[in-house]
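To start, the structure under review is shown below, and the notes come after it.
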Amino acid sequence: MIKLVNFLLLSKRIVNFDKNDIDQGNTPPKIYEICSCIRDIFCLSYSIRKNNNLFLYFVENHYMIKLIGSELRYLGSDERSQALLLNKAINLIQKRHENDWIYSTPGIYAKYYRNKNKLLDELAPDKFEEIIWIIDSKDTQKFRKITYLEKLHKQSKINNSLFIITLFKLEDDFPFLIKWRSSITNMKLFSTNQDKGKKPQDKILYFNFYLDSLEESDNLR
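Plus 69 on top of the position in the sequence shown (first one is 1) and you've got my numbering.
This is how it looks when you write it as structure tokens:
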């Protein structure tokens, strides 16, 4: 049985917005994309996926927003709810550059990393069973030892693993991945099928569907 799944979304930078933008339907496209990812990670028809956690890291700002599924109270399935909660956490960490987790709302925390390398401490091998980077199919030719997601359960430990998805093109910042791969010993690279997972939120939808199917298979045994 899959008890805990962690996601790390990597975004290049903070996009500033406020409540008026949200109320007037002017949510920035990047924030809308992040909200879509949040919704697909946590929101079921009438409940929250309590076994999912999300780490949202803004690379250039050194900010991390953490959402813990088992603690979330106010997260709704609508974009406005997600954007308001995200905006509150971002405003909090912009005002208080603290390198410890700051409470924002139930299940949502924010943290500032004074050094980019400190983020690697959060990805230490003893914290996650495995770290799995899900890349676009068009990027697979750049790497060796790529495995497709359909074979994930045969080659990796899904429970308490960390799945990384980027919200920017790898070719825009390719050395970033090379550095991480050399620093994280338990990282694997996986890709979705050519016709699936074109957008970050599509990867998450496909991945959650895949996990749900594994759960159903386990329950039938």
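Ideal Cβ positions, reconstructed from N, Cα and C, are used throughout, including at glycine.
- [ ] Can you say whether TYR182 is buried or exposed, counting buried as having 16 or more other CB atoms within 10 angstroms of its CB?
- [x] Mapped onto the sequence shown, residue 182 falls at position 113. Here TYR182 is buried: its Cβ has 16 or more other Cβ atoms, across all protein chains shown, within 10 Å.
Open item on the list: Let me make sure I understand the geometry here. Which of SER80, VAL74, PHE76 has the alpha-carbon closest to that of LYS238?
Closed with: For the purposes of this step, residue 238 is identified with residue 169 of the sequence shown, where counting begins at 1. The residue with the shortest Cα to Cα distance from LYS238 is SER80.
Open item on the list: Applying the 10 Å Cβ sphere with the 16-neighbour rule, what's the burial state of GLY138?
Closed with: Numbered from 1 along the sequence shown, position 69 holds the residue referred to as residue 138. Answer is buried; the Cβ neighbour count reaches 16.
Open item on the list: What would DSSP say about PHE276, mapped onto helix, strand or coil?
Closed with: One-based indexing of the sequence shown puts residue 276 at position 207. Here PHE276 sits in helix by DSSP.
Task: C-beta atoms of LEU258 and TRP202 nearer than 8 Å - done: For the purposes of this step, residue 258 is taken as residue 189 along the sequence shown, with counting starting at 1. For the purposes of this step, residue 202 is taken as residue 133 along the sequence shown, with counting starting at 1. Contact annotation: LEU258 and TRP202 have beta-carbon atoms nearer than 8 Å.
TODO: Work out the CA separation of TYR126 and MET133 for me, nearest whole Å.
DONE: As a first step, residue 133 must be located in the sequence shown, where it is residue number 64. As a first step, residue 126 must be located in the sequence shown, where it is residue number 57. Distance between the alpha carbons of MET133 and TYR126: 4 Å.
Open item on the list: Per DSSP, what are the beta-bridge partners of ASN120 in this structure?
Closed with: For the purposes of this step, residue 120 is taken as the residue at position 51 of the sequence shown. According to DSSP, which records beta bridges pairwise, ASN120 is partnered with nothing at all.
Task: Span separating the alpha-carbon of ALA179 from that of LYS272 - done: By one-based count along the sequence shown, residue 179 stands at place 110. By one-based count along the sequence shown, residue 272 stands at place 203. If you take the alpha carbons of ALA179 and LYS272, they lie about 25 Å apart.
- [ ] Quick one: grab the DSSP three-state call for ASN75.
- [x] As a working mapping, residue 75 is identified with position 6 in the sequence shown. ASN75 falls in the strand class under three-state DSSP.
Open item on the list: Among GLN151, LEU155, LYS187, whose alpha-carbon lies nearest the alpha-carbon of ASN168?
Closed with: Position 99 of the sequence shown, counted from the start, is the residue given in the question as residue 168. The candidate whose alpha carbon is nearest that of ASN168 is LYS187.
TODO: Spell out whether any CB of chain C is found under 8 Å from the CB atom of LEU236.
DONE: Of the protein chains in the structure, only one exists, and it is not chain C.
Open item on the list: According to DSSP, is SER230 part of a helix, a strand, or is it coil?
Closed with: On the sequence shown, residue 230 is found 161 positions in, with the first residue counted as 1. Secondary structure of SER230 (DSSP, three-state): strand.
Open item on the list: DSSP has THR235 in a bridge; who is on the other side?
Closed with: Taking the sequence shown and counting its residues from 1, the one referred to as residue 235 is at position 166. Residue pairing for THR235: DSSP places it in a beta bridge opposite LEU79.
TODO: Answer yes or no: do ILE91 and ARG149 have a C-beta to C-beta separation smaller than 8 Å?
DONE: Taking the sequence shown and counting its residues from 1, one reaches residue 91 at position 22. Taking the sequence shown and counting its residues from 1, one reaches residue 149 at position 80. If you check the CB distance, ILE91 and ARG149 come in under 8 Å.
TODO: Hey, could you find the ends of the alpha helix (DSSP H) PHE111 is sitting in?
DONE: In the sequence shown, the residue the question calls residue 111 occupies position 42. Run containing PHE111: 98-111, per the alpha helix (DSSP H) assignment.
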